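Residue numbers (the working numbering): 259 to 759. A short write-up of the structure that comes next.
Pasting the structure below:
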């Protein structure tokens, strides 16, 4: 199986994600979505109308054409709340199969919750958290409560924002008494949920809640990242702003999705009520959700486990995933990282480094060569580009830029202020890049053969000399030659001669 195509038919949209499978990782090569409010029919009349069925088939035919361009992809298509509730769901599924050749799998709320949690687990170190994960959909909201990585409770509740909006808001804009009735219903429904002060993290998925986080980042001049943190007070601020404002007038809000003008208020109200029952002062959103969980689940069923499923730290598992995506030499990367760690420990006090700095060097050491995926020529620069355009879990925006710069300077030129990407860093960050890239250059030199010939390293730091003494049972002539060519940055920073013995 080279390609995997996942189709997610939800209340508000139908989406297609095609991934290219690469070992224990996958690369999304097609991410296509059409907004089609198929849940509106079901929530109103209990069944799909002929017009909605025709629209579904038209969308799926377009998606089938996209899938046909790939080399025999394995297709998995799932449907959620509307197909669970529609009285004519079976007839529609049969018609889709007949017209499009796509078999639709209807999953229940608990399956949906577990699949979303699977995706979230790939992006958060759940073993450290008492977390509430919410998949806020159009027809239902899935609640998953986990303690230190173990799911202890999950439930699907009829708190989908499209359904709630249709059930409670009969006016545009909604009247005060309609909003109060909505809040009362949500509050009473949440009473059956074990949401308490022990929860330290709330993670949300879903298109509308992600749109709220996008608006938040826009207002606060923050970068648009896959994972965002939003303060709870913003939900109240947004709810207050939307009161008395007609749906069509909300288009003036910077960043708002015009397809969610009517339902965004409901999402803000409900999320705020959920947070009020915990001690959390904010929440995370993450792009993706069910279709990403389905990708991982389908690969698992095919005997492929992701790095994060092998008891590896999620931060490191994402680094391995990025490396695999760009076909890195994993053994070389691990050897360079091992040698970098030894050098780091020996030079830590001299350079006045701390453990957080190792996290930066570790990522750069693992990913320094991924630029080879584009071309060996100038691959250090390509590595910089690929790292800055990858989602490094556990690193903020500035840390990711530092990692990319360290990797960029593992060969060739020293860090220079004439280099724009380096010059944009703070003085403190520039200093870190110099020190850590000097270490990486030495570590990389001592595995120039990509054969892991060096078992250990001893380092002596004297007033005028730094002695590097590698332990090996092999001939290190090539490594020594490379070492002498790449020791110059370390000599420049330390003002000492660096020799190998």
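For each residue, glycine too, the CB sits at the ideal point set by N, CA and C. Values in this document were obtained by computation on a predicted structure and should not be read as measured data.
Cβ shell of residue i (< 7 Å), same chain only, five flanking positions each side left out
{"i": "residue 278", "result": "260, 261, 284, 285 and 287"}
{"i": "residue 408", "result": "none"}
{"i": "residue 639", "result": "629 and 666"}
{"i": "residue 331", "result": "261, 262, 263, 276 and 325"}
Selected residue, minimal CA-CA separation from residue i, among the options
{"i": "residue 395", "options": "721, 419 and 556", "result": "419"}
{"i": "residue 709", "options": "354, 348, 281 and 732", "result": "732"}
{"i": "residue 352", "options": "334, 311, 377 and 299", "result": "311"}
{"i": "residue 655", "options": "470, 423, 491 and 682", "result": "682"}
{"i": "residue 524", "options": "443, 480 and 597", "result": "443"}
{"i": "residue 624", "options": "330, 642, 386 and 331", "result": "642"}
{"i": "residue 388", "options": "686, 406, 382 and 369", "result": "406"}
{"i": "residue 399", "options": "291, 422, 556 and 604", "result": "422"}
{"i": "residue 600", "options": "550, 490 and 715", "result": "715"}
{"i": "residue 466", "options": "545, 449 and 478", "result": "545"}
{"i": "residue 372", "options": "320, 347, 276 and 411", "result": "411"}
{"i": "residue 484", "options": "382, 282 and 302", "result": "382"}
{"i": "residue 566", "options": "552, 346 and 384", "result": "384"}
{"i": "residue 607", "options": "315, 320, 719 and 397", "result": "719"}
{"i": "residue 282", "options": "560, 496 and 451", "result": "560"}
{"i": "residue 462", "options": "489, 478 and 477", "result": "489"}
{"i": "residue 498", "options": "743, 391 and 431", "result": "431"}
{"i": "residue 317", "options": "292, 367, 328 and 329", "result": "292"}
{"i": "residue 468", "options": "685, 478 and 541", "result": "541"}
{"i": "residue 669", "options": "459, 551, 695 and 319", "result": "695"}
{"i": "residue 453", "options": "510, 534, 492 and 707", "result": "534"}
{"i": "residue 346", "options": "739, 676, 299 and 327", "result": "299"}
{"i": "residue 496", "options": "620, 481 and 519", "result": "519"}
{"i": "residue 747", "options": "671, 434 and 321", "result": "671"}
{"i": "residue 393", "options": "543, 613, 449 and 323", "result": "543"}
{"i": "residue 367", "options": "596, 417, 626 and 448", "result": "417"}
{"i": "residue 596", "options": "619, 662 and 750", "result": "619"}
{"i": "residue 459", "options": "676, 404, 290 and 480", "result": "404"}
{"i": "residue 486", "options": "494, 464 and 507", "result": "464"}
Close Cβ partners of residue i (< 8 Å) along its chain, the five nearest in sequence each way excluded
{"i": "residue 455", "result": "536 and 537"}
{"i": "residue 659", "result": "646, 679, 682, 683 and 687"}
{"i": "residue 314", "result": "267, 272, 294, 296, 306, 350 and 354"}
{"i": "residue 552", "result": "264, 266, 334, 336 and 373"}
{"i": "residue 439", "result": "426"}
{"i": "residue 223", "result": "The structure shown has nothing for residue 223, since the chain only spans 259 to 759."}
{"i": "residue 206", "result": "Nothing in the structure corresponds to residue 206, since the chain is present only between 259 and 759."}
Rounded distance between the beta-carbons of residue j and residue i, thought under 8 Å
{"i": "residue 651", "j": "residue 573", "result": "5 Å"}
{"i": "residue 729", "j": "residue 756", "result": "Not really, about 18 Å apart at Cβ, beyond 8 Å."}
{"i": "residue 532", "j": "residue 473", "result": "Not a contact, Cβ separation roughly 19 Å."}
{"i": "residue 370", "j": "residue 303", "result": "With 8 Å as the limit, residue 370 and residue 303 do not qualify as a contact, their Cβ atoms being about 23 Å apart."}
{"i": "residue 758", "j": "residue 741", "result": "5 Å"}
{"i": "residue 598", "j": "residue 470", "result": "Not quite, the Cβ-Cβ distance comes to about 41 Å (not below 8 Å), so this is no contact."}
{"i": "residue 745", "j": "residue 700", "result": "6 Å"}
{"i": "residue 703", "j": "residue 737", "result": "7 Å"}
{"i": "residue 583", "j": "residue 328", "result": "That belief does not hold up - the Cβ atoms of residue 583 and residue 328 are roughly 17 Å apart, past 8 Å."}
{"i": "residue 424", "j": "residue 301", "result": "5 Å"}
{"i": "residue 358", "j": "residue 319", "result": "6 Å"}
{"i": "residue 509", "j": "residue 516", "result": "6 Å"}
{"i": "residue 653", "j": "residue 621", "result": "7 Å"}
Close-in-space but distant-in-sequence residues of the same chain around residue i (CB under 6 Å, 5 per side omitted)
{"i": "residue 333", "result": "263"}
{"i": "residue 673", "result": "667, 680, 691 and 692"}
{"i": "residue 580", "result": "648"}
{"i": "residue 604", "result": "717"}
{"i": "residue 391", "result": "375, 378, 402 and 461"}
{"i": "residue 512", "result": "476"}
{"i": "residue 609", "result": "693"}
{"i": "residue 457", "result": "388, 390 and 536"}
{"i": "residue 844", "result": "Outside the modelled stretch of the chain, which goes from 259 to 759, sits residue 844, for which no answer is possible."}
{"i": "residue 492", "result": "474"}
Which residues DSSP lists as bridging residue i, in chain order
{"i": "residue 364", "result": "337"}
{"i": "residue 201", "result": "It is not possible to answer for residue 201, since the shown part of the chain is limited to 259 through 759."}
{"i": "residue 727", "result": "716"}
{"i": "residue 488", "result": "541"}
{"i": "residue 401", "result": "392 and 413"}
{"i": "residue 274", "result": "265 and 290"}
{"i": "residue 327", "result": "Looking at the DSSP assignment, residue 327 forms no beta bridge with any residue, so it has no partner."}
{"i": "residue 470", "result": "Paired residue(s): none; residue 470 is not in a bridge."}
{"i": "residue 280", "result": "283"}
{"i": "residue 755", "result": "723"}
{"i": "residue 408", "result": "405"}
{"i": "residue 332", "result": "262"}
Check: residue i C-beta below 7 Å from any heavy atom of the ligand NAP
{"i": "residue 391", "result": "This structure does not include the ligand NAP; it has no bound ligands of any sort."}
Please confirm if the region 502-522 is in contact with the region 355-369, defined as three or more CB-CB distances below 8 Å between the two stretches.
Result no; under three Cβ-Cβ pairs closer than 8 Å.
Are three or more beta carbon pairs between the region 369-379 and the region 526-533 nearer than 8 Å?
Because the criterion of three Cβ pairs below 8 Å is not met, the region 369-379 and the region 526-533 do not touch.
Count the CB pairs spanning the region 620-636 and the region 586-595 that are closer than 8 Å, and state whether there are at least three.
yes
Taking 8 Å as the threshold, find out whether the region 266-276 comes into contact with the region 334-342 through three or more Cβ pairs.
Between the region 266-276 and the region 334-342, the count of Cβ pairs shorter than 8 Å is three or higher; the stretches touch.
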